[in-house]
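Chemist: Dropping the structure in here first, questions after.
There are 2 protein chains.
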Amino acid sequence: MQCEETRLNRKSLLLALKRYSTAVIDMEQTILLPSLLRDVPSEDDVDCEAAENSKDMYEYYHMLKVIRNTVESGLVPYDDGNTKTHTALYKSLEPLPEADPEAFFYFHLRGLFSVMGTLTKKSQDLTDKYLDIVGIGN
Amino acid sequence: MQCEETRLNRKSLLLALKRYSTAVIDMEQTILLPSLLRDVPSEDDVDCEAAENSKDMYEYYHMLKVIRNTVESGLVPYDDGNTKTHTALYKSLEPLPEADPEAFFYFHLRGLFSVMGTLTKKSQDLTDKYLDIVGIGN
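Chains V and Z, in that order, are what the protein sequence lines are.
Under full-length UniProt numbering, the first residue of the first sequence carries the number 1, and numbering increases by one thereafter.
Under full-length UniProt numbering, the first residue of the second sequence carries the number 1, and numbering increases by one thereafter.
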């Protein structure tokens, strides 16, 4: 019975949001000196072509905290549309019909669930990286 | 103070999900004979080029109920990828960088919030249409 619950919970959006929040709390409690992450490149970006636009670990730390505030408040921030990726994302949907809200619902639900997993992993990696830097990593 | 709360709540995802759920409950309690909606075209689709693929009101009624179950359970259904729009949506995102989870987070959060508004409106319109059909509309 418990196994069945666990299997179902794996695909629960609310649980994914909660897991993210817990990972960020853990990150905040572990990283006592966030400034040690300044200028440390994010591992994901090392081989990335767009490395010059990428964030360092310190910037990721703050980004993850801001997203956690949004997740916990549940408030959808106003759309300032000032980033390149952001504009590209919306432009990519323009040619698609707006008449199928069902498809958009599942698309955004799955998308949000998936990105919460990515962000949770990022938060855990950042915590591990910090422990490495201060010399108490595994 | 209450005005401020109302303003904030307007952009709350959890409230948007709750509003949708309430609209569908209202729809279910009002529509005692859903079969009366069979073959009634959805108003949105009347002028639509792709009208041959569109749902009638009866199909919308069931679609809105299924989405409500997903909303209430919070479970993300497995991706069967069997609809045209669905494939088009995912294909549209392919050329975009995966390296910016922040942009994807806000994109899907805003998208889900927005589509919940569309679906809530659809549920209310369907309820009104039913009342018109049975002759007790405004």
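Every residue, glycine too, gets a C-beta built ideally from N, C-alpha and C.
For Leu119 (chain Z), which residues does DSSP report across the bridge?
Modeler: Beta-bridge pairing links Leu119 (chain Z) to no other residue.
Chemist: Against chain Z, does Asp79 (chain V) count as a neighbour if the rule is that its beta carbon must be under 8 Å from one of theirs?
Modeler: Asp79 (chain V) counts as touching chain Z.
Chemist: Taking Ser73 (chain Z) as part of the alpha helix (DSSP H), name the residues at either end of that continuous run.
Modeler: Residues 57-73.
Chemist: Considering only their Cβ atoms, is the gap separating Thr120 (chain Z) from Thr30 (chain Z) smaller than 8 Å?
Modeler: It is not a contact, given that the beta carbons lie outside the stated cut-off.
Chemist: For the putative contact between Gly74 (chain Z) and Ser12 (chain V), defined by C-beta atoms under 8 Å, what is the C-beta separation to the nearest angstrom?
Modeler: About 5 Å; that satisfies the 8 Å criterion.
Chemist: Beta carbon of Pro41 (chain V), beta carbon of Asp56 (chain V): below 8 Å?
Modeler: Closer than 8 Å, so yes.
Chemist: DSSP three-state call for Ser21 (chain V): helix, strand or coil?
Modeler: Correct three-state label for Ser21 (chain V): helix.
Chemist: Would you please verify whether the beta carbon of Thr30 (chain Z) is less than 8 Å from any beta carbon of chain V?
Modeler: Chain V, which has no Cβ nearer than 8 Å to the Cβ of Thr30 (chain Z), makes this no.
Chemist: Which whole-angstrom value describes the C-beta separation of Tyr58 (chain V) and Ser35 (chain V), a residue pair presumed to lie in contact below a C-beta threshold of 8 Å?
Modeler: Confirmed, about 7 Å.
Chemist: Does Arg62 (chain V) come within less than 8 Å of chain Z when only Cβ atoms are used?
Modeler: This sequence places His at residue 62 (chain V); Arg is not what is there. No, because no Cβ of chain Z sits closer than 8 Å to the Cβ of His62 (chain V).
Chemist: Are any of the Cβ atoms in chain V nearer than 8 Å to that of Leu112 (chain Z)?
Modeler: Taking Cβ atoms only, chain V reaches closer than 8 Å to Leu112 (chain Z), which makes this a yes.
Chemist: Sort Z:Lys122, Z:Lys129, Z:Arg38, Z:Leu109 by Cα distance to Ser114 (chain V) and report the nearest one.
Modeler: Measuring from the Cα of Ser114 (chain V), the nearest candidate turns out to be Z:Leu109.
Chemist: Using Cβ-Cβ distances below 8 Å, what residues of the region 124-135 of chain Z are close to chain V?
Modeler: If the cut-off is 8 Å between Cβ atoms, the region 124-135 of chain Z has nothing near chain V.
Chemist: Taking all protein chains shown into account, do 16 or more other C-beta atoms lie within 10 angstroms of the C-beta of Arg38 (chain V), making it buried, or fewer, making it exposed?
Modeler: The residue is exposed, with fewer than 16 neighbouring Cβ atoms inside 10 Å.
Chemist: Using a Cβ-Cβ distance cut-off of 8 Å, determine whether residue 141 (chain Z) contacts chain V.
Modeler: As displayed, chain Z neither begins before 1 nor continues past 138, which places residue 141 (chain Z) out of reach and without an answer.
Chemist: Please decide whether Thr118 (chain Z) counts as near chain V, where near means a Cβ-Cβ distance under 8 Å.
Modeler: Chain V contact via Cβ: present.
Chemist: Output the distance between the C-alpha atoms of Phe107 (chain V) and Val71 (chain Z), rounded to the nearest integer angstrom.
Modeler: Whole-angstrom Cα-Cα distance: 14 Å.
Chemist: With DSSP collapsed to three states, give me the class of Pro41 (chain V).
Modeler: In this structure, Pro41 (chain V) counts as strand in the three-state DSSP scheme.
Chemist: For chain Z, check one thing: does any of its Cβ atoms lie closer than 8 Å to the Cβ of Lys11 (chain V)?
Modeler: Yes, Lys11 (chain V) lies at the interface with chain Z (some Cβ there is under 8 Å from its Cβ).
Chemist: I'd like to know whether the C-beta atoms of Glu102 (chain Z) and Ile67 (chain V) end up nearer to each other than 8 Å.
Modeler: Yes, Cβ-Cβ distance for Glu102 (chain Z) and Ile67 (chain V) is below 8 Å.
Chemist: On a Cα-Cα basis, can you pick out the residue from V:Ile133, V:Ser123, V:Met116 that is closest to Leu14 (chain V)?
Modeler: Nearest option by C-alpha distance: V:Met116.
Chemist: Verify whether the separation of the beta carbon atoms of Ala16 (chain Z) and Gln124 (chain Z) is less than 8 Å.
Modeler: Cβ distance not < 8 Å, so Ala16 (chain Z) and Gln124 (chain Z) don't count as in contact.
Chemist: Roughly how many whole angstroms lie between the Cα atoms of Gly135 (chain Z) and Val76 (chain V)?
Modeler: Roughly 40 Å between the two C-alpha positions.
Chemist: Quick one: what does DSSP say Ser54 (chain Z) is sitting in, helix, strand or coil?
Modeler: The answer is coil: DSSP assigns Ser54 (chain Z) none of H, G, I, E or B.
Chemist: Among residues of its own chain, excluding the 5 on either side of Ile133 (chain Z), which ones have a beta-carbon nearer than 8 Å to its beta-carbon?
Modeler: Hits under 8 Å: Leu36, Leu37, Val40.
Chemist: Where does Asp100 (chain Z) land, buried or exposed, given buried means 16+ other C-beta within 10 angstroms?
Modeler: Asp100 (chain Z) should be labelled buried.
Chemist: Taking C-beta to C-beta, are Lys122 (chain V) and Leu64 (chain V) nearer than 8 Å?
Modeler: Yes; because the gap between Cβ atoms is below 8 Å, this pair is in contact.
Chemist: Excluding the five sequence neighbours on either side, which residues of its own chain have a C-beta within less than 7 Å of the C-beta of Ser21 (chain Z), listed in chain order?
Modeler: Around Ser21 (chain Z): Arg68, Val71, Glu72.
Chemist: By alpha-carbon positions, which one of V:Arg19, V:Leu89, V:Leu33 ends up nearest to His62 (chain V)?
Modeler: Minimum Cα distance to His62 (chain V) is reached at V:Leu33.
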